[in-house]
Structure formats: C-alpha cells, structure tokens
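Q: So for the sequence shown, our numbering puts the first residue at 979; every next one is plus one. We put the CB at the ideal spot given by N, CA and C, even for glycine. Remember, it's a predicted structure, so these values are computed and weren't measured experimentally. Handing you a structure now.
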Amino acid sequence: MSLKSRNAVITGSTSGIGLAYARALAAEGVNICINGFGDAGAIEAERAGIEMEFGVTCIYNGADMTKGDQIAAMVKDAETRLGSVDILINNAGVQFVSPIEDFPVEKWDQIIAINLTSAFHAMRAAVPGMKARKWGRIINTASAHSLVASPFKAAYVSAKHGVMGLTKTVALEVAAFGVTVNSISPGYVWTPLVANQIPDTMKARNLTREQVINDVLLAAQPTKQFVTVEQVAACAVYLCSDGAANITGTNISMDGGWTAA
Ligand code: NAD
C-alpha cells in the first residue's frame, strides 16, 4: 500500500530536517501540515511550493511547541482541514550550550518543553484518531544524544534521553492498533541548529570555528561526514511504509558510526 493520501503533521518543519521530512513525504503523495517559526513570506512560499511541486495539500499551523493547548489545537486543525492525522513527526527542537553551573534556568525549561514535552502533547492528541483508524506512524527525531552525552548540553541530552523513554512507552501502548512509534537518532546533520551552536561551542571550549567543526562535531562521526537532511527524511519515509510495520519502540541511529564506539 502506498502512502498516497495519508496525512502528516510535522512539528518544526519550516527549516532543516523537518522541512526535508515534509518534502520527502509530500513526494510520496502525503498531505502535510507544516509547523514552526520563521519569516511569514518564506513559510508561505515553502507551503505553496510543496503543493505545486508534489500535487498534495499542504497547510501551515504556527503552534508554539512550548504551549500544550496550541499543540492539541494543531492536531485538531489538521484533522479538520486534512481529514485525519495518520503520521505524526515530532521534530521541533532547539539547543543551548553552557556549563551546568551557568545554565540559564529558562533555557532548561524551554528545551525540555520543545524537545520533549511537545512530543507528549502531540502524541496525546493524535493517538486516539490513529487507534480508531487502526493505522498510524509516529516518528520522533531524537539524536545521538538520546544514547550518549556530550558536556555542556545538559538540557538537550536529558530531553533526548527522555524522548526515547516516551517512544518506547507509547509504542507498547499502541502496538495492537496498527500504530508504530520510533525514533530516528541522527548524529551531526548540517542544518541551522548545528551552524548556530558553533559560536557558543567556540566560546565554551575556547576553540576556532574550524576546530569546532573538525575536532568537536565531526570528531564524533567516524565517517567524517555530516549526515544530510535527505538521508534522515528517507529513513522516515521507510518507517512510514508497510515494510516497517513491525518496527516499533526502537531507535534508528544515523550517526556515521558515532554511537558504535
Ligand atoms: P532547525 O533549527 O533547522 O529546525 C528547528 C525547527 O523547529 C524550525 O522549524 C523551528 O522553527 C522549529 N521550532 C523551534 N522552536 C519552536 C517552537 N517553540 N514551536 C514550534 N516550532 C519551533 O533544526 P534541525 O537541525 O532541523 O533540528 C530538527 C530536529 O532534529 C531537532 O529535534 C534536533 O534536536 C534534531 N537533531 C538535529 C541534529 C543536527 O545535527 N542538526 C542532530 C540530531 C538531532
């Protein structure tokens, strides 16, 4: 069975990996609800571009992933305007790099809210429809930091470890209803999230830009290459396929071998 005419909500899809998920699923004929922040004109151009290029319906909902009521309303909005939410990708995420003793409390709260709690709210809202229709795919963008830690990333590493616990728990709850729940854990993917943390890492570790890229970021990845957003999106398309119907409650690492070490 193809994915044509399925409907997907993808959080944090105005940029980076989320946008790649949206485009890859749209290429399979999936209607899309994109979400995230950014310039209104640029978001509208992406939304209209996806409709035109792939011949699907693409809507935008600007729900703030720190607000549970807005997340639930976004799922309802997609169910109303698209007809259902068959695929949910919890992807919105932010990063902040600081030694624990200086870590701003509001940054901890924000990262836990966006990177972990938002997935709880979105699943809570989307699971009833998936169970009723006996089909669903939930994919959480976790990270190599769901498995291993790096210094100065207390909130991010904690949130991503939490995402894996949430993935496994909900997978068990919905396993008998044709709904799978998995995480994809990329290593370093070249996106604005990675580019934006270079200055802070330079400061925290007293390094040059080149040293951060080669000795900190790619030092962890034995392939010595950044993962591409298209590779992550291709994995999500596979997890949505019938061939992946018995893959649930697990984590797929795409980290160039990082967590094998
Ligand atoms: P990105 O900065 O390019 O995109 C993040 C998206 O989240 C954007 O669309 C942004 O608008 C949205 N967002 C941020 N705060 C939001 C909020 N409060 N409400 C709604 N949307 C919000 O980042 P990315 O690299 O594409 O990251 C996507 C996901 O992949 C994140 O969960 C990140 O932790 C994870 N990840 C990234 C990498 C990497 O190397 N880039 C590696 C592993 C995991």
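How about Asp1017: is its Cβ closer than 7 Å to a heavy atom in ligand 1?
A: The answer is no for Asp1017.
Q: Three-state secondary structure (DSSP) at Ile1021?
A: Looking at Ile1021 - three-state DSSP - the assignment turns out to be helix.
Q: What three-state label does DSSP hand Val1157 in the structure shown?
A: Val1157: strand per DSSP, three-state reduction.
Q: May I ask you to check if the CB of Met1043 is nearer than 7 Å to at least one heavy atom of ligand 1?
A: Under cutoff, so the answer is yes.
Q: Can you tell me which of the three DSSP states Tyr1216 falls into?
A: Correct three-state label for Tyr1216: helix.
Q: For the beta strand (DSSP E) containing Leu1066, list its first residue and its last residue.
A: Residues Ile1065 to Asn1068.
Q: Just tell me which of Tyr1216, Gly1227, Phe1032 and Lys1181 has its CA closest to the CA of Val1152.
A: Val1152 has its Cα closest to that of Gly1227, out of Tyr1216, Gly1227, Phe1032 and Lys1181.
Q: So, helix, strand or coil for Tyr1038, using DSSP?
A: Note: Tyr1038 maps to strand in three-state DSSP.
Q: Should Tyr1166 be listed as close to ligand 1, given that the test is whether its C-beta is under 7 Å from any heavy atom?
A: Yes, the beta carbon of Tyr1166 sits closer than 7 Å to at least one heavy atom of ligand 1.
Q: With a threshold of 8 Å between beta carbons, is Gln1209 in contact with chain D?
A: Annotation note: the requested chain D is absent from the structure, which comprises a single protein chain.
Q: For Ala1002, does the count of other Cβ atoms within 10 angstroms reach 16, so buried, or fall short, so exposed?
A: When all chains shown are included, Ala1002 counts as buried.
Q: Is it the case that the CB of Asn1192 approaches a heavy atom of ligand 1 more closely than 7 Å?
A: Because no heavy atom of ligand 1 lies under 7 Å away, the Cβ of Asn1192 does not count as near it: no.
Q: What whole-angstrom Cβ distance do Val1063 and Ala1127 have, given they're in contact under 8 Å?
A: Rounded, the Cβ-Cβ distance is 33 Å, inconsistent with contact.
Q: Between which two residues does the beta strand (DSSP E) containing Met1232 stretch?
A: Asn1229 to Met1232 is the extent of the beta strand (DSSP E) around Met1232.
Q: Where Thr1186 and Pro1077 are concerned, what is the direct C-alpha to C-alpha distance, given to the nearest angstrom?
A: If you take the alpha carbons of Thr1186 and Pro1077, they lie about 19 Å apart.
Q: Going along the chain, which residues of its own chain have a beta-carbon closer than 6 Å to the beta-carbon of Val987, five neighbours each way excluded?
A: The answer, listed in chain order, is Cys1011, Ala1056, Val1063 and Leu1066.
Q: Could you tell me the alpha carbon to alpha carbon distance between Gly1235 and Val1167, rounded to whole angstroms?
A: In a straight line, the C-alpha of Gly1235 is about 13 Å away from that of Val1167.
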